[in-house]
Structures are given as structure tokens and as C-alpha cells.
Amino acid sequence: MTSHRLQNLINSIYTNYPNVCDPWEIVAIVEALGYTDKTIESDFGCPNALVLGQFIYAQRDQFPFVEIATQTEKIQPTLKDELNIFFTQFFHSFIYTVPFVILLILNYLPVDKQSDFLPPELNSLFGFVTMASLITSGGFVQMISRRGLFYIGLKARVQANRICTSILSMGIFTTILLGSFGVLFSFYQGIAADRYTIVAGIYYLILSTIWMLFAIIGLQNRFAAPIILIGVTCCFFVFRFFFKLSALESQIAMISIAFVSLTVLFVYNQIEYRSMKPKFGQTVQLPRLSVLIYLLIPYFFYGIVYFGFIFADRLVANIAVAGHFRSIAGNNLEYQNSMDLALLNLLLIVPFVEYCSYKMVVFWYDRAKNMTLIQVDSLSWQLQKKYWSLLSHVLLYFGLLMSIVIILLSILQRSQIDNALTIFACLGYLLFAIGLFNTVILLSLDRLYDILGILATATVIDFIIGYLLSSLFGVYLAAIGLVIGAIFFAITSSKKILNAIERPEYCYFYSGY
Numbered sequence: 063m064t065s066h067r068l069q070n071l072i073n074s075i076y077t078n079y080p081n082v083c084d085p086w087e088i089v090a091i092v093e094a095l096g097y098t099d100k101t102i103e104s105d106f107g108c109p110n111a112l113v114l115g116q117f118i119y120a121q122r123d124q125f126p127f128v129e130i131a132t133q134t135e136k137i138q139p140t141l142k143d144e145l146n147i148f149f150t151q152f153f154h155s156f157i158y159t160v161p162f163v164i165l166l167i168l169n170y171l172p173v174d175k176q177s178d179f180l181p182p183e184l185n186s187l188f189g190f191v192t193m194a195s196l197i198t199s200g201g202f203v204q205m206i207s208r209r210g211l212f213y214i215g216l217k218a219r220v221q222a223n224r225i226c227t228s229i230l231s232m233g234i235f236t237t238i239l240l241g242s243f244g245v246l247f248s249f250y251q252g253i254a255a256d257r258y259t260i261v262a263g264i265y266y267l268i269l270s271t272i273w274m275l276f277a278i279i280g281l282q283n284r285f286a287a288p289i290i291l292i293g294v295t296c297c298f299f300v301f302r303f304f305f306k307l308s309a310l311e312s313q314i315a316m317i318s319i320a321f322v323s324l325t326v327l328f329v330y331n332q333i334e335y336r337s338m339k340p341k342f343g344q345t346v347q348l349p350r351l352s353v354l355i356y357l358l359i360p361y362f363f364y365g366i367v368y369f370g371f372i373f374a375d376r377l378v379a380n381i382a383v384a385g386h387f388r389s390i391a392g393n394n395l396e397y398q399n400s401m402d403l404a405l406l407n408l409l410l411i412v413p414f415v416e417y418c419s420y421k422m423v424v425f426w427y428d429r430a431k432n433m434t435l436i437q438v439d440s441l442s443w444q445l446q447k448k449y450w451s452l453l454s455h456v457l458l459y460f461g462l463l464m465s466i467v468i469i470l471l472s473i474l475q476r477s478q479i480d481n482a483l484t485i486f487a488c489l490g491y492l493l494f495a496i497g498l499f500n501t502v503i504l505l506s507l508d509r510l511y512d513i514l515g516i517l518a519t520a521t522v523i524d525f526i527i528g529y530l531l532s533s534l535f536g537v538y539l540a541a542i543g544l545v546i547g548a549i550f551f552a553i554t555s556s557k558k559i560l561n562a563i564e565r566p567e568y569c570y571f572y573s574g575y
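Position one of the sequence shown corresponds to residue 63 (our numbering), numbered consecutively onward.
Next comes the structure, spelled out in C-alpha cells:
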């Protein structure tokens, strides 16, 4: 072996790559330099690249700057950094919960006088339209968020605006088609009076557009969407208590204000982005439409089944009340109010779940980044410990929310609420939250198709079991479908996570890291 040539190779590797993590990385570097097993044996006297990589890795103690470089990457975040991460992750989702929370509270407060401009028959129809708008627009919202964040991460905001605008156009076109079909179907089947059907169709189009505009505005300006949400919620309070309008009329006025505000802000941003010229190095070629659809179609279906699972029990409950599929806009006030209180727990826990999932992903990444081949087994144990610790935090947080709901039920004591149904539905939403905790982690590991299959199956279980039980034995049993589907979602997704944690090195290789 020529020691002088070998020492030059060692010096070159540790000078240019001071943070090598294991012998396998050195083997890759050696092979990238053009060495083969034959030249390695002739030049250095080693039988193959692996033996040479292990030898070079053992010499890292000769280079103290390697240890310094590794240690500088392990600086622990300060309390200020941790709080900033918590509030960023928590309020990113919690701000969208604020309007629902306030609307729910205001609906339970007494109002001396209400307007009778709109008939109460529209309540159930608008409730169904709201669920339909969230389900159908949920896929486009996922597409906008995923692709928009991708280009923003590249610091190509002009390209992000172009791609999000294209997806918005596709979403509005699809919404118009579905809304027109729904209106014609209602005319043919006589689901509601013609004038109510037309109003509901317009309401569906506006709501679907609002959800997609919120996704775009949230990417362009992180403060604009929360300000608009809080503003329109205050408008609801004004219409409800100062103008003495009904909850339905106040809601229509609030939605109209939100739509106008978002449209004006969106048009203003379009004018601003069109006047901008990309700087050098920021021009990114956009993919063809067919490629874009291929890349984003899994996220589209994920957004649909996500909201489909949440509202599946309500849809089958409405069908059970009406007695047939045509009248899916039927309504059971007691069931609706009871499930609203349970859904409130889910909306309040989702931001905390996202924060815990973020902490798990960051913990995994930080450990894997500086992990050597010898420490892989300890990494698996550390990940399991962290996973169960964060999951216990989710359970404790939900237990706190449940206690608040129970106290709220004891204070309200309204005839339109079934306490047992609310608590039972909370169990289903807790299991669904556990599944969401697993989902965010699996998405970071590029396991979207696994999650999509699990969540779609859970939604089918929710719908079928809920429909059969509510139709045969009573509307309240639709919640059993929710709980059974959530059990399947939580258990199956947890198995996927634990299997990934057992082999973290294979999991990262499979994910393309």
C-alpha cells in the first residue's frame, strides 16, 4: 500500500466533506472520485471500496474540525425559538377554528328579536351545501397548499402565484359543473323548492371559492387570512345582536363580506405579481398541466376523503331522517347540535396535533442527520420513546378539552343536545386526531398513498356502517360508523408508523432522503 497516496486521499475527503456520518458515505465519495475495486486494490492494497471506506472513517480522529462541525449542528433551540415554533404551528390551524367557535357560542345565546326574511327550511339545505363545499374544494385546497409551498420554498413567489391561480381556475370550473349538476338534480327530484335550490347553488359556489381563496391568500400573506376571518366573525356578531338578524341571515351576510374581501385582495395581489419581474436565478419553468395533475392528484383525493370522513356520519344521518337518498338535505336538530359540540373538540385539537407531529418530524430528522451506522438501533429506540411521549401529550390535551365540554354541557342543559351522543362522538374524533398525528409524520416520509388508502377505507367504513345502523335502528347510531372508522384509521396508521420506526434507515431510503 502506498501510504503517501492514501494519506492524500484521506486529507482530501475530510477537507471537502468534514461531516461524513458513516463508512458508507465515504465509500460513495471514493467511488464518485472514479476509484473501482480493482484500482483500490492496486493503489492502496485494500480488497474493495468498503474496507477502504471503513479504514478512512476510522482515521477521522486525526481531524478535530470534524468534531467541531458536527457539534455546531446540535445546538439546542432556546425557549424563545420553541415558543415561536409552537405559536406558528398551533395558530396556523387554530385561526381557522375561531369562526366556528364563535358561531357555535353565538347560536346558543338568546336574541330578543329576529328577522323572518329567510325561511327556516333553508337551514338544513345550507348545512348540506356547506359540507359539500368543504368536501369538493378540499382537494383543490390541498393542491394549492402543497404546490404553492414548493415554489415559495424555492423563493419563486411569482411562479407560486401562477400555479396557484391555475389550480384556482380548475377548482372554480369544477365547482360550477358540480353545482349545476346539483341544481338540476334537485329540480328533477324535487329535493327543495326551486328558488331555494338556486340560492343554495349560488351559496355552494361562493363557499367553495372562499375556501380556495383562503388557501392562496394564506400563502401570499400569512396575516391577511386571519385578519379577514376575525373581521367577518365580528361582522356576524354585529348582524346578530345589533341588527337582530337570524343566525342564517347573519351567516349569509358574513359569507358575502368574506367573499368580497378575499376577491379584492386576490385581484390586488394579481396586479402586484404581474408587475414584478423575477430576479436572476428565480425564474422557474412551470410543469405541463398533465404533469401537474399527475403530481398533485393524490393530494386532491386526500383532501376529499379527509372532509368526507368528518361529514360522513352527518350525511347518512340526514338520509336516515329523510328516508331516502334523494333528500340528503334532511336535518335532525338534536343530532346536529350534539355533533357540533363534539366536532368543536376536533377543531381545537388539530392545531396541537400538527405541532406535535412537527416536533416528531424535526426530532427524527435531526437524529438521522448526524446518525452513524452503528447508532441505527439506538435511533429506533429514541424514535419510539419520542412517539409515545408526544402521543400521550395529545391524549392529555384532548382530556382537558373533554372536561371543558362536559362542563359546558352541564351549564347549557339544552333540549337540543344529547350529552351521551356528544361524549361518544368525542371518542371518535379523538381516534381520528391520533390518525392525523400519524398522517403528518407519514406524509413527511413520502407515504401519501399509504395514508390515502387507509383514510379512504375508513371513510367507506364510516359511511356504510353509519347508514345501515341509522336506517335500521335510529339516526343517533350513525355516530357508531364514525367511531369504528376512526378506530380503523388510528390503529392502521399507528402500525405504519411503528413499522417505519423499526427500520428508520430503510424508511429514509424508501422515501428518497
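Glycine included, C-beta positions come from ideal geometry on N, C-alpha and C. Predicted model, so just to flag it, every value in this text is computed and none were measured.
{"Asked": "What three-state label does DSSP hand Gly536 in the structure shown?", "Found": "coil"}
{"Asked": "Thinking just about the alpha-carbon of each residue, which of Gln221, Leu403 and Ala262 is nearest to the one in Leu240?", "Found": "Ala262"}
{"Asked": "Quick check on Cys226: does DSSP put it in helix, strand or coil?", "Found": "helix"}
{"Asked": "Rounded to whole angstroms, what is the Cα-Cα separation between Pro566 and Tyr265?", "Found": "48 Å"}
{"Asked": "Am I right that Ala520 and Ala548 are in contact with their C-beta atoms under 8 Å? What's the rounded C-beta distance?", "Found": "7 Å"}
{"Asked": "Would you check if the stretch 479–496 and the stretch 531–542 touch, i.e. whether three or more CB-CB distances between them fall below 8 Å?", "Found": "yes"}
{"Asked": "Nearest to Ser352 by CA position, among Met232, Phe249, Thr101 and Leu498, is which residue?", "Found": "Met232"}
{"Asked": "Shortest alpha-carbon distance to Gly201 belongs to which of Val367, Phe212, Val545 and Ile292?", "Found": "Val367"}
{"Asked": "Any contact of the stretch 495–510 with the stretch 524–538, i.e. 3+ C-beta pairs under 8 Å?", "Found": "no"}
{"Asked": "Excluding five sequence neighbours on each side, which residues of the same chain lie with their C-beta closer than 6 Å to the C-beta of Leu230?", "Found": "Met274"}
{"Asked": "With Val456 and Phe499 assumed to form a contact (beta carbons below 8 Å), what rounded beta-carbon distance in angstroms separates them?", "Found": "6 Å"}
{"Asked": "Would you mind giving the Cβ-Cβ distance between Thr295 and Ala404, rounded to the nearest angstrom? I have them listed as a contact below 8 Å.", "Found": "Not quite, the Cβ-Cβ distance comes to about 21 Å (not below 8 Å), so this is no contact."}
{"Asked": "What did DSSP end up calling Ala255 once you bin it into helix, strand or coil?", "Found": "coil"}
{"Asked": "Beta-carbon within less than 6 Å of Cys108's beta-carbon, same chain only, minus the 5 sequence neighbours each way: which residues are those?", "Found": "Ile102 and Leu114"}
{"Asked": "Looking at C-alpha atoms only, which residue of Leu441, Gly365, Phe414 and Val545 is the closest neighbour of Leu514?", "Found": "Gly365"}
{"Asked": "Select from Cys226, Ile214 and Lys306 the residue whose C-alpha is nearest the C-alpha of Ile206.", "Found": "Cys226"}
{"Asked": "Can you round the beta-carbon distance between Phe369 and Asn407 to whole angstroms, since I take them to be within the 8 Å contact cut?", "Found": "The pair is not a contact, with the Cβ atoms about 17 Å apart (cut-off 8 Å)."}
{"Asked": "Phe305: buried (16+ other C-beta within 10 angstroms of its C-beta) or exposed?", "Found": "exposed"}
{"Asked": "Would a C-beta distance cut-off of 8 Å place Val220 and Tyr335 closer than the cut-off?", "Found": "yes"}
{"Asked": "What's the gap between the Cα of Pro288 and the Cα of Leu310?", "Found": "23 Å"}
{"Asked": "Quick one: Cα of Thr132 to Cα of Gln116, how far?", "Found": "Because Thr132 sits at a pLDDT of 43, beneath the cut-off of 50, its placement in the model cannot be relied upon, and the point is left open."}
{"Asked": "Determine, using beta-carbon pairs with one atom in the stretch 413–429 and one in the stretch 446–453, whether at least three such pairs fall under 8 Å.", "Found": "yes"}
{"Asked": "Quick test of your reading: Ala120 and Val92, contact by CB under 8 Å. State the CB separation rounded to the nearest angstrom.", "Found": "Between Val92 and Ala120 the Cβ distance is about 14 Å, and since that is not below 8 Å, they are no contact."}
{"Asked": "Identify whether Asn110 lies in helix, strand or coil by the three-state DSSP scheme.", "Found": "coil"}
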